[in-house]
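Single-structure report; data block below.
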Amino acid sequence: MKGFNVSELTCNYLKNPIGIDTIPRFSWKLFSDIRAQHQTAYRLLISSSKEKLISGIIDVWDSGKISCSQSIHVNYEGKALSPCTRYYWRVIAFDIEDMPFESEIAYFETGKLNEKWNANWITANYIQKEASAYAAPYLRTSFDINKKVANARLYICGLGYFEAYINGVKASNDVLSTAFTRYDSTVLYLTYDVTNTLKAGANAFGVILGNGWYNCFAEDPWNTRQATWRHWPKVIAELHIKFDDNSETIINTNPSWKSTQSPITFNGIRNGEYYDARLEITGWNTPEFDDSNWDKTKIIRAPGGILKAFEMQPI
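Counting the sequence shown from 1 gives a position; our numbering is that position plus 371.
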């Protein structure tokens, strides 16, 4: 192989991440069959669309040719990035003969950045005191779509743990989300691509919450149950739906949501859970489900920490 094969592009250690809040840092790997081959310079190109990047229209950032062997942690130094926006990038690496070699195109997508959240932190209305918070609540809302969906992103933080569903389909395959933090300092929200789970007509958005580390009521060596941030399970979420006509709608968590107790009648990070199959609610997270007998939800105080993107590989 003459020169390089430029591949394995990552942004903030992740391949094609969606939902990042920190300054992008780009890395790539170089492969060659030539002994002592190495990078003598690079040029990093970022555009607002894949078509523009292919056409050479670099409207976000062109690093220029940088005489440097660096291929990890190259900081973004372009103009301010917009929230909830996808950007496309590639790198051109120059070999010892100053020949340029282009990588494939990669992308990254910003999260909320510093954009204000319009959603509310909510919880099930039946949770009124500590003992009532030991069960895992179901929360849901329904909405209609009458346009063709171009893309949809779910920005969500459920404390201590959560699972989110769109039309009965789990939004992702991760478990034990979100990660443990000092919740009065930082709380981590996740971003999911749910474009393919939405449909024309009636849709449903459901969430189940668990206590996790946020409401650890068992004794442990760190005295977690006495933590100043400990409180009841809660969730905040924004489902951003963009349509083919460039219009957008946002489904927020708010008191119009419905709630009830799930078959998980008890759950604790150090205690396991109790599951009562007699209480199963078939189809609770689907559009066809009748939630007229469910209770309302309520706004609950925020955990206090700053909402930041979950920028790591999930479990």
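The beta carbon of each residue, even a glycine, is placed where N, CA and C say it ideally should be.
Fill in: Beta-carbon contacts of C439 that lie in its chain and below 7 angstroms, excluding the five residues immediately before and after
Closer than 7 angstroms at Cβ, skipping near neighbours: A412 and Y413.
Item to complete: Measure the CB-CB distance between N446 and D666 and report whether it falls below 7 angstroms.
Response: no
Item to complete: Report the option in I428, S630, V578 and S398 whose CA atom is closest to the CA atom of L380.
Response: S398
Worksheet entry | Every unbroken beta strand (DSSP E) within the stretch 593 to 651, with a cutoff of 3 residues, ordered by chain | 605 to 614, 619 to 623, 629 to 632, 635 to 639 and 643 to 646
Item to complete: Specify the secondary structure class of S398 as computed by DSSP and reduced to three states.
Response: strand
Worksheet item: How many whole angstroms separate the CB atoms of K629 and T494, which I take to be in contact at a CB cut-off of 8 angstroms?
Response: The pair is not a contact, with the Cβ atoms about 12 angstroms apart (cut-off 8 angstroms).
Worksheet item: Alpha carbon to alpha carbon, how far is E651 from I671?
Response: 26 angstroms
Discussion item. Tell me which residue opens and which closes the beta strand (DSSP E) that S378 is part of.
Written reply: N376 to C382
Fill in: Burial state of F465 (16 or more Cβ within 10 Å)
buried
Worksheet item: Hey, quick one: how far does the alpha helix (DSSP H) through I425 stretch, first residue to last?
Response: K421 to S426
Worksheet entry | Enclosing beta strand (DSSP E) for D666 [first to last residue] | D666 to I670
Practice prompt. Verify whether the separation of the beta carbon atoms of V578 and G676 is less than 7 angstroms.
Written response: no
Worksheet item: Around the Cβ of V546, are there at least 16 other Cβ atoms within 10 angstroms (buried) or fewer (exposed)?
Response: exposed
Worksheet item: From F614 to A523, what does the alpha carbon distance come to, in whole angstroms?
Response: 9 angstroms
Item to complete: Answer with buried or exposed for N567, where buried requires no fewer than 16 other C-beta atoms within 10 angstroms of its C-beta.
Response: exposed
Worksheet item: Is the CB-CB distance between D531 and N582 below 7 angstroms?
Response: The question names Asp, but residue 531 in the sequence shown is Gly. Yes, these two residues count as a Cβ contact at 7 angstroms.
Worksheet entry | Option in V520, L415, I467 and C528 with minimal Cα separation from I405 | Comparing C-alpha distances from I405 to each of V520, L415, I467 and C528 shows the shortest one belongs to I467.
Fill in: DSSP three-state assignment for A464, whether helix, strand or coil
strand
Practice prompt. May I have the straight-line CA-CA distance separating P685 from S548, to the nearest angstrom?
Written response: Computed Cα separation, rounded: 8 angstroms.
Worksheet entry | Nearest candidate by alpha-carbon position, reference E682, set P395, N376 and L452 | Of the candidates P395, N376 and L452, the one whose C-alpha sits nearest the C-alpha of E682 is P395.
Worksheet entry | Residue of A680, P674 and T636 minimising C-alpha distance to S503 | The shortest Cα separation from S503 among A680, P674 and T636 belongs to T636.
Practice prompt. Please determine, among I537, K483, D469 and E475, the residue with the shortest C-alpha to C-alpha distance to L452.
Written response: K483
Item to complete: Mind reading off the beta-carbon distance from Y563 to L510? Whole number of angstroms is fine, and I expect it under 8 angstroms.
Response: Distance from Y563 to L510 at the Cβ level is roughly 16 angstroms; contact not present, criterion being Cβ atoms closer than 8 angstroms.
Practice prompt. Please report how far the alpha carbon of V462 lies from the alpha carbon of P634, in whole angstroms.
Written response: Taking the straight line from one Cα to the other gives about 51 angstroms.
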